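Heads up, the thing below is written out as structure tokens.
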Amino acid sequence: MAFVTRQFVRSMSSSSSASASAKKILVKHVTVIGGGLMGAGIAQVAAATGHTVVLVDQTEDILEKSRKGIEESLRKVAKKKFAENPKGADEFVAKTLSSISTSTDAASVVHSTDLVVEAIVENLQMKNELFKRLDKFATEHTIFASNTSSLQITSLANSTTRQD
Numbered sequence: 001m002a003f004v005t006r007q008f009v010r011s012m013s014s015s016s017s018a019s020a021s022a023k024k025i026l027v028k029h030v031t032v033i034g035g036g037l038m039g040a041g042i043a044q045v046a047a048a049t050g051h052t053v054v055l056v057d058q059t060e061d062i063l064e065k066s067r068k069g070i071e072e073s074l075r076k077v078a079k080k081k082f083a084e085n086p087k088g089a090d091e092f093v094a095k096t097l098s099s100i101s102t103s104t105d106a107a108s109v110v111h112s113t114d115l116v117v118e119a120i121v122e123n124l125q126m127k128n129e130l131f132k133r134l135d136k137f138a139t140e141h142t143i144f145a146s147n148t149s150s151l152q153i154t155s156l157a158n159s160t161t162r163q164d
């Protein structure tokens with residue numbers, strides 16, 4: 001995922017302002033909705049690249065399984081990346097894991113996030129309901145993104161009040 005491989009600044013127009021000037025938004029906090037293989041992978045990459053991440057799913061059991069999968073994957077990456085430095089590998093894993101928290105309540109965490117990435121089941125109605133609900137709680141500057149591979153992104157965007 002190129003968009004989470006490093007912290008970035010995004011320009012976006014302000015819908016609350018009549019001016020044509022753009023705001024600069026530094027993405028520091030990422031919320032990933034869906035703790036399956038894709039969601040966990042997105043959360044891992046975002047955390048490993050310096051972002052604070054909240055991984056959200058329906059149950060604590062799913063989140064625990066996701067966290068274990070992320071830790072196993074990080075250990076594999078660290079073993080290769082720090083082959084000559086086992087202490088560095090342990091520090092990398094610990095630092096990355098410390099950047100990931102979990103929640104079962106998406107609405108309660110999106111109020112302080114810069115980027116929401118949904119990675120839930122490929123069902124247009126479910127994704128639309130999710131974005132519509134989150135749109136009510138997320139700040140104006142929050143960017144909504146989808147991991148969809150088969151649904152039209154405009155169909156998802158139309159479920160929010162966001163201009164971009």
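At position 7 of the sequence shown the residue is numbered 7 (our numbering), and the sequence of numbers has no breaks. Beta carbons: idealized from backbone N, C-alpha and C, even for Gly. On a predicted model such as this, the values are computed, not experimentally measured, just so you know.
Provide the residue(s) that pair with residue i in DSSP beta bridges, ordered along the chain.
i, result
"Ile143", "Leu115"
"Val54", "Thr31 and Ser101"
Assuming residue i and residue j form a contact by the criterion Cβ under 8 Å, report the distance between their Cβ atoms to the nearest whole angstrom.
i, j, result
"Thr154", "Lys127", "Between Lys127 and Thr154 the Cβ distance is about 12 Å, and since that is not below 8 Å, they are no contact."
"Lys28", "Thr49", "With 8 Å as the limit, Lys28 and Thr49 do not qualify as a contact, their Cβ atoms being about 11 Å apart."
"Ala157", "Arg133", "Their Cβ separation, rounded to whole angstroms, is 15 Å, which puts Ala157 and Arg133 out of contact at 8 Å."
"Ala40", "Ser66", "4 Å"
"Thr104", "Leu74", "With a Cβ gap of about 23 Å, Thr104 and Leu74 do not count as contacting."
"Lys79", "Ala89", "6 Å"
Tell me the DSSP secondary structure of residue i in three-state form.
i, result
"Asn128", "helix"
"Phe82", "coil"
"Gln163", "coil"
"Ile62", "helix"
"Ser150", "coil"
"Val121", "coil"
"Thr96", "helix"
For the alpha helix (DSSP H) containing residue i, name the first residue and the last one.
i, result
"Gly36", "Gly36 -> no alpha helix (DSSP H), and no H or E assigned at all."
"Val110", "Careful: Val110 lies outside any alpha helix (DSSP H) and carries neither H nor E."
"Ala138", "From DSSP, Ala138 is part of no alpha helix (DSSP H); its letter is neither H nor E."
"Ser155", "Ile153 to Ala157"
Between the region 128-146 and the region 107-116, do three or more beta carbon pairs fall short of 8 Å? yes
Is the region 27-43 touching the region 53-71, taking contact as three or more C-beta pairs under 8 Å? yes
Any 3 or more C-beta pairs closer than 8 Å across the region 70-80 and the region 38-45: yes
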